[in-house]
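Novice: Using the working numbering, the letters of the sequence shown map in sequence onto residues 42 to 428.
Beta carbons are placed, not taken as given, at the ideal position from N, Cα and C, and that holds for glycine.
First, the structure itself, so that you have it in front of you.
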Amino acid sequence: MIPYGRQDISEADIEAVVSVLKSDFLTQGPAVPRFEQAIAAHCGAAHAVAVNSATSALHIACLALGLGPGDWLWTSPVSFVASSNCALYCGAQVDFVDIDPRTYNLCPKALEQKLVEAEKAGRLPKIVMPVHLCGQPCDMAAIAALARRFGFRVVEDASHAIGGRYRDEPIGNCRYSDITVFSFHPVKIITTAEGGLAATNDPQLAARMELLRSHGITRNPSLMTHEPDGPWYYQQVDLGFNYRMTELQAALGLSQLDRLDHYVAQRHRLARRYDELLAELPVTTPWQHPDGYSGLHLYVVRLRLDQISPKTHRDVFEDLRAKGIGVNLHYIPIHTQPYYQKLGFRNGDFPQAEAHYAEAISLPMFATMTDAQQELVVSALTEALST
C-alpha cells in the first residue's frame with residue numbers, strides 16, 4: 042500500500058531522541074524551549090508555545106484570546122473537526138464560512154457578506170479561524186482587513202502549512218493574525234510524533250498560553266497572590282491543562298526542522314509532476330494562488346464526475362484502495378457531522394464545501410515518495426477513471 046502520507050525518520054532523528062533518553066530530562070527540560078525558539082526564528086514570530094497537539098494549541102489560543110460563553114468563532118467547514126471543536130471546548134458557539142471553489146480555503150468574499158449580515162443582527166464573531174487547507178495559505182491580507190473593520194481576532198489554523206509562504210513571507214509570522222497554530226502529527230510536513238505549536242507576536246498571549254498548557258500553574262512570583270513560601274513554592278492561578286510537549290517530541294522536531302525546506306521542495310517537485318501526469322485525465326488538479334507558496338501537505342484532486350459516469354466518486358476511491366493506493370478524503374464537511382447537526386446545521390448550508398466533498402480525493406504525497414511510486418498512483422487512477 043502506498044499511503045497518502047508518511048513520516049521520514051532519519052538516523053539523526055533517532056540519535057536526537059536517544060540523546061534525550063540518556064539525559065536527565067524526559068519532560069520540562071531544555072529541548073522544548075530550543076524547539077520553540079527554532080520554530081519562532083524560522084517563521085519570524087516573536088514567541089512560540091509548544092504543546093502536545095495542534096488541537097491543544099487551538100484550544101489555548103482561543104482561551105488566550107478570551108473566547109467563552111456568548112462568543113462566536115467562525116471557521117471553514119472543510120477542515121478537521123478540531124478547528125471548530127476548540128471553540129466548543131471554551132463554551133462558545135461555532136459557525137462556518139463557505140470555501141472558495143478554487144483554493145478550497147475560507148472565501149473572503151463570503152466572509153465579508155456574512156460579517157455584514159452578522160453586524161446587523163448583533164452577532165459578530167470574536168474569532169475567525171482561517172484554515173490553510175493542504176498547506177496553501179488563505180487570503181490573509183483580505184481577512185486581516187476585515188478583522189480591522191469588524192473587530193474580530195484571527196487565529197490561523199496552519200496545521201498543514203509549516204514551511205509555506207504568503208506574499209513571500211513565512212506562514213507563522215503572524216503579520217495578519219494574532220496567533221498561528223501548526224501541527225506536527227506524523228503525516229504532516231515535519232513531525233514530533235504528536236505535537237503542536239502556537240506562534241504569536243504578542244508577549245501577553247504567549248504568557249497566557251504558557252500558563253494554560255501546564256495546569257494554570259506558575260512559579261513566577263510576579264503572578265502570585267503573595268510572596269512564595271519558599272523555593273519549592275508554586276501557585277495555580279488559573280484552570281489550565283496538561284498540554285505540555287515532551288523533551289522527546291521536541292528533540293525529534295528540532296532534528297526534523299533541519300530538513301523542512303528540503304521536504305517542502307520535494308513536495309513541490311512531486312506536485313509539478315502530478316500536474317503534468319494528470320493533465321489529460323478527467324480531474325481538476327490543485328490551483329495555487331500566486332500570493333502563496335504552499336507547504337503542500339496534501340495533493341487533492343477533484344473528479345469530473347460528469348466525464349466518468351456511470352462511475353461514482355466512491356467507485357474510484359474504492360478501486361484505488363483495492364489497487365494498493367492509500368488515498369484519503371480531506372475532509373468531510375464539519376457541519377454534516379452528526380454532532381454538529383444536533384447543533385442545528387443542515388446539509389445544504391455550505392454548498393461549495395459539500396461540492397468539494399462530493400468530488401475530492403487526496404492522492405499520496407510525502408517527501409520520500411519515489412517517481413516509481415507516483416507513476417503507480419497515476420496508472421491506478423487512470424484505470425479507475427476509465428469507463
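1) With a cut-off of 8 Å on the beta carbons, I'd call Gln276 and Thr259 a contact; round off their distance for me.
2) Just reading off the alpha helix (DSSP H) that Thr96 is part of, what are its end residues?
3) My output table needs one value for Ser64: the three-state DSSP class, helix, strand or coil.
4) Would you say Cys103 and Val169 are within 8 Å of each other, going by their C-beta atoms?
5) Taking the CB atoms as reference points, tell me whether Tyr315 and Gly204 lie closer together than 8 Å.
6) Identify which residue in Gln415, Ala248, Arg47, Arg254 has its Cα closest to the Cα of His100.
7) Exposed or buried, which one is Asn261 when buried takes at least 16 other CB atoms within 10 Å?
8) Counting pairs of Cβ atoms below 8 Å between the stretch 138-158 and the stretch 383-395, do you hit three or more?
9) At the level of alpha carbons, what is the spacing between Phe282 and Ala98?
10) By the three-class DSSP mapping on this structure, what secondary structure does Glu210 have?
11) Cα separation between Thr96 and Leu298?
12) By the DSSP assignment, the alpha helix (DSSP H) with Val228 in it spans what residues?
13) When the Cα of Leu311 is compared with those of Val228, Asp412, Leu293, which residue comes out closest?
14) Just to confirm the assignment, what range does the alpha helix (DSSP H) spanning Ser420 have?
15) Secondary structure at Ile203, three-state DSSP: helix, strand or coil?
16) Rounded to whole angstroms, what's the CA-CA distance from Leu370 to Tyr398? Just pull it up for me.
17) For the 8 Å Cβ check, are there 3 or more pairs between the stretch 316-329 and the stretch 60-77?
18) At the level of alpha carbons, what is the spacing between Ala91 and Gly70?
19) What do you reckon, are the CB atoms on Ala421 and Lys364 nearer than 8 Å?
20) List the whole-angstrom C-beta distance separating Leu67 from Thr287, where the pair is believed to meet the contact cut-off of C-beta under 8 Å.
21) If the criterion is Cβ atoms closer than 8 Å, does the pair Val418 and Ile366 meet it?
22) Does the Cβ of Tyr381 have 16 or more other Cβ atoms within 10 Å, making it buried, or fewer, making it exposed?
23) Leaving aside the five residues before and after Ser200 along the sequence, list all residues of the same chain whose C-beta is less than 6 Å from its C-beta, in chain order.
24) Shorter than 7 Å, the distance from the beta carbon of Thr232 to the closest heavy atom of the ligand ATP, or not?
25) At 4 residues or longer, what runs of the alpha helix (DSSP H) sit wholly inside the stretch 70-156?
26) Are the beta-carbon atoms belonging to Gln177 and Gly46 less than 8 Å from one another?
27) Do Ala128 and Thr241 have their CB atoms nearer than 8 Å?
28) Assuming Asp54 contacts Ser403 (C-beta within less than 8 Å), just tell me the rounded distance between them.
29) Kindly indicate the opening and closing residues of the beta strand (DSSP E) around Val341.
30) Between which two residues does the alpha helix (DSSP H) carrying Val368 extend?
31) Could you give the DSSP three-state label for Ser335: helix, strand or coil?
32) For a quick check, are the C-beta atoms of Asp270 and Leu252 less than 8 Å apart?
33) May I have the straight-line CA-CA distance separating Leu322 from Leu426, to the nearest angstrom?
34) Determine whether the beta carbon atoms of Glu400 and Leu339 lie at a separation below 8 Å.
Specialist: In this structure, then:
1) At roughly 6 Å, the Cβ-Cβ gap stays under 8 Å, so Gln276 and Thr259 are in contact.
2) Its alpha helix (DSSP H) spans residues 95-105.
3) Ser64: coil per DSSP, three-state reduction.
4) Taking the C-beta atoms as reference points, Val169 is found no nearer than 8 Å to Cys103.
5) Judged by beta-carbon spacing, Gly204 lies beyond the 8 Å limit of Tyr315, meaning their Cβ atoms are not closer than that value.
6) Minimum Cα distance to His100 is reached at Arg254.
7) Flag for Asn261 reads exposed.
8) At 8 Å Cβ cutoff, the stretches touch.
9) Rounded to the nearest whole angstrom, the C-alpha separation of Phe282 and Ala98 is 11 Å.
10) Strand.
11) Thr96 and Leu298: Cα-Cα distance of roughly 21 Å.
12) Careful: Val228 lies outside any alpha helix (DSSP H) and carries neither H nor E.
13) Sorting Val228, Asp412, Leu293 by C-alpha distance to the C-alpha of Leu311 places Asp412 at the top.
14) From DSSP, the alpha helix (DSSP H) with Ser420 extends over 412-426.
15) Coil.
16) Going from the Cα of Leu370 to the Cα of Tyr398 covers about 8 Å.
17) Not touching, per the Cβ criterion.
18) For the pair Ala91 and Gly70, the Cα-to-Cα distance works out to about 13 Å.
19) Against a cut-off of 8 Å, the Cβ pair of Lys364 and Ala421 comes out as a contact.
20) 6 Å between Cβ atoms; contact.
21) Yes, the Cβ-Cβ distance between Val418 and Ile366 is below 8 Å.
22) Classification for Tyr381: buried.
23) So the list reads Ala95, Ser224, once near-sequence residues are dropped.
24) This structure does not include the ligand ATP; it has no bound ligands of any sort.
25) Those alpha helix (DSSP H) runs which fall completely within the stretch 70-156 and span 4+ residues are 72-84, 95-105, 123-130.
26) Contact: no.
27) No; because the gap between Cβ atoms is not below 8 Å, this pair is not in contact.
28) That belief does not hold up - the Cβ atoms of Asp54 and Ser403 are roughly 25 Å apart, past 8 Å.
29) Start and end: 340-344.
30) No alpha helix (DSSP H) contains Val368, which DSSP labels as neither H nor E.
31) Ser335: coil per DSSP, three-state reduction.
32) Taking 8 Å as the Cβ cut-off, Asp270 and Leu252 do not qualify as a contacting pair.
33) Going from the Cα of Leu322 to the Cα of Leu426 covers about 8 Å.
34) Taking C-beta atoms as the reference points, Glu400 and Leu339 fail to come closer than 8 Å.
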